[in-house]
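Asker:
2 protein chains.
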Amino acid sequence: MYPEFKNFHQYFTEKALVAQKDFEKLLPYFSVEKYPKGHTLLSKGGVNKHIYFVEEGLLRFYTKDENGKEFILHFAPENWWLTDRNNLCSNEPSEFFIDAYEETSVVLLNHDFIEKATEISHEFRTFHEHILQRHIKQLYRRINLLISTPAKECYIEFLKTYPNITQRVPQWMIASYLGITPEAVSRIRKELASK
Amino acid sequence: MYPEFKNFHQYFTEKALVAQKDFEKLLPYFSVEKYPKGHTLLSKGGVNKHIYFVEEGLLRFYTKDENGKEFILHFAPENWWLTDRNNLCSNEPSEFFIDAYEETSVVLLNHDFIEKATEISHEFRTFHEHILQRHIKQLYRRINLLISTPAKECYIEFLKTYPNITQRVPQWMIASYLGITPEAVSRIRKELASK
DNA sequence: ATAATTTCTTGATCTACATCAATGTGCAGA
DNA sequence: TCTGCACATTGATGTAGATCAAGAAATTAT
């Protein structure tokens, strides 16, 4: 069923507990897109009101400093959400970049979808609120890690948050996510391996 | 008007653009509390489903590590919101602490208030969504700062976020918020003063 | 006011991680 | 298969900020 958005469907019915009949009502309100490796979905200064559900592949959300150095705020592999939430409500230009690191297919939603879905399905409404709250909590956890913990433990936490992503992205992206250098990641790994 | 929650009222009518008649309908749905300096509103392991609007005073939101060292995630002076959002939806015990660093009076809301307010006032609904999104954006900015920027600039950004808080809290709390030591804050200040 | 406690400053050393540089490794294209 | 090129490793050295320690200043308690 729904080969193009199997994960999305499964997520809605099994995680968000949205009834199949409600899901069917929502079919007209979203679309599926496929992006090649390296495709840019949002650049600094742009406006992008989409909410992405990653069906397959890997997106990354990041900033660049004056020298073009990238800082990754968030990876989004299969079954993750990604959006520049600021953009949703306002028309302010974004400070962030989003691009596809692998060939990626996404389910494309916008604010109307959320409105419609919360109207149709009480389950979705509750679930949507829940994921927003959980997202905020995760961000606080990450801040807490960054201000309280040395790089080695941040790396260990990273592995827990994104199991198997290590094999899919170059080391400098992990370093960029952790706020350290690729060399430091290499040494941390060496040390962890020796145990 | 409303001497006990003047700021709250002003915030609702002027910032959230809630009509006076709608505000009046909400009067039965919240209460005002006053806490003495040092009062603990939430401890790790506890559950606390309140949303606080700080009418007067100063709350802080923080964690502690195994050695009891505190890490401040968030200050909330007048006109700020504070809540352990995870707690709102679930009954999981909290990982965080909240306490009053000054004598503080808060407007106490809970999830029902938000439901009611979004039902009564479309303006509030939009505004509430907006502040959630903005909150997430702020958290990403902070993460971005932490992974990309040396302590001095983090300190400068802190001053922008919380003008005048410097005079109200000890230096170690600022250090704790920035993830550095009080000595480092002292040196950063000295350096900034010499310009 | 005096004592006690907390906070702030400053200096001396230490350490985690950065930077720079060289070498090694695996994969993509001719 | 050889040639690049991006990526990973390792070593040598530098530096921001930590830690430790002592004294000054400010606050709070007696």
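Residue numbers (the numbering used here), protein chains in the order written: chain A, 1 to 195; chain B, 1001 to 1195. The beta carbon of each residue, even a glycine, is placed where N, CA and C say it ideally should be. What you are looking at is a predicted structure, and each value in this text was computed from that prediction instead of being measured.
Check B/Tyr1162 in the structure and name its three-state DSSP category.
Answerer: coil
Asker: In angstroms, rounded to a whole number, what distance separates the CA positions of B/Leu1145 and B/Cys1154?
Answerer: 6 angstroms
Asker: Exposed or buried, what is A/Glu196 when buried is set at 16 or more other beta-carbons lying within 10 Å of its beta-carbon?
Answerer: Only positions 1 to 195 of chain A appear in this structure, which leaves residue 196 of chain A out of reach.
Asker: Would you say A/Phe30 and A/Leu108 are within 9 angstroms of each other, going by their C-beta atoms?
Answerer: yes
Asker: Who pairs with A/Arg141 in a beta bridge, going by DSSP?
Answerer: Note: A/Arg141 sits in no beta bridge, so no partner.
Asker: At 7 angstroms on the CB atoms, spell out the chain B contacts of A/Arg85, in chain order.
Answerer: Gln1133, Ile1136, Lys1137
Asker: Have a look at A/Glu102 and A/Gly38 and give me their C-alpha separation to the nearest angstrom.
Answerer: 7 angstroms
Asker: When the distance is taken between beta carbons, is A/Ser186 closer than 9 angstroms to A/Gln171?
Answerer: Yes. Within cutoff.
Asker: Quick check: is the beta carbon of B/Asn1110 nearer than 9 angstroms to any beta carbon in chain A?
Answerer: no
Asker: Measuring CA to CA, which of B/Tyr1002, B/Ala1016, B/Tyr1062 is closest to B/Ala1117?
Answerer: B/Ala1016
Asker: Identify whether B/Thr1104 lies in helix, strand or coil by the three-state DSSP scheme.
Answerer: Looking at B/Thr1104 - three-state DSSP - the assignment turns out to be strand.
Asker: Kindly indicate if chain A contains any beta-carbon less than 9 angstroms away from that of B/Ser1031.
Answerer: no
Asker: Report yes or no: do three or more beta-carbon pairs, one from the region 121 to 141 of chain A and one from the region 1133 to 1145 of chain B, lie closer than 8 angstroms?
Answerer: yes
Asker: Check B/Tyr1011 in the structure and name its three-state DSSP category.
Answerer: helix
Asker: For the alpha helix (DSSP H) containing A/Ser121, list its first residue and its last residue.
Answerer: From DSSP, A/Ser121 is part of no alpha helix (DSSP H); its letter is neither H nor E.
Asker: Pair every Cβ in the region 1159 to 1175 of chain B with every Cβ in the region 159 to 170 of chain A, then say whether three or more of these pairs are closer than 8 angstroms.
Answerer: Not touching, per the Cβ criterion.
Asker: Cα separation between B/Glu1092 and B/Lys1190?
Answerer: Note on geometry: alpha-carbon atoms of B/Glu1092 and B/Lys1190 lie some 44 angstroms from one another.
Asker: Compare the C-alpha of A/Glu66 against each of A/Met173, A/Glu95, A/Val106 and name the closest.
Answerer: A/Glu95
Asker: Which residues in the same chain as A/Val47 place their Cβ atom closer than 7 angstroms to its Cβ, once the five residues preceding and following it in sequence are excluded?
Answerer: Asn87, Asn91, Pro93, Ser94
Asker: Run through DSSP, which three-state label would A/Val185 get?
Answerer: helix
Asker: By the three-class DSSP mapping on this structure, what secondary structure does A/Arg85 have?
Answerer: helix
Asker: For A/Tyr177 and B/Lys1152, what's the separation of their Cα atoms in angstroms?
Answerer: 21 angstroms
Asker: Identify whether B/Asp1112 lies in helix, strand or coil by the three-state DSSP scheme.
Answerer: helix
Asker: Where do the ends of the beta strand (DSSP E) carrying A/Ser31 lie?
Answerer: 31 to 35
Asker: Run down chain A in chain order and give the residues with a C-beta less than 9 angstroms from the C-beta of B/Ser1194.
Answerer: Those within 9 angstroms of B/Ser1194 in chain A number zero; the least Cβ separation is about 25 angstroms.
Asker: B/Ser1148 and A/Thr149 - do their beta-carbons sit closer together than 9 angstroms?
Answerer: no
Asker: Considering only the alpha carbon of each residue, which of A/Leu41, A/Pro36, A/Glu78 lies closest to A/Phe97?
Answerer: A/Leu41
Asker: Leaving aside the five residues before and after A/Ile180 along the sequence, list all residues of the same chain whose C-beta is less than 7 angstroms from its C-beta, in chain order.
Answerer: Ala151
Asker: With DSSP as the reference, please indicate the residues paired to B/Phe1023 in a beta bridge.
Answerer: Bridge partners of B/Phe1023: none, in fact.
Asker: In chain B, which residues lie with their C-beta within 8 angstroms of the C-beta of A/Thr63?
Answerer: Asn1144, Ser1148
Asker: Could you check what DSSP says for A/His74 in three-state terms: helix, strand or coil?
Answerer: strand
Asker: Name the residues in the region 36 to 53 of chain A whose C-beta lies less than 7 angstroms from a C-beta of chain B; which are they?
Answerer: none
Asker: Please name the residue or residues paired with A/Tyr62 in a DSSP beta bridge.
Answerer: A/Ile72, A/Phe97
Asker: Mind listing the chain B neighbours of A/Gly179? Cutoff is C-beta to C-beta under 8 angstroms, in chain order.
Answerer: Leu1146, Ile1147, Ser1148
Asker: Run through DSSP, which three-state label would B/Glu1092 get?
Answerer: Three-state result, B/Glu1092: coil.
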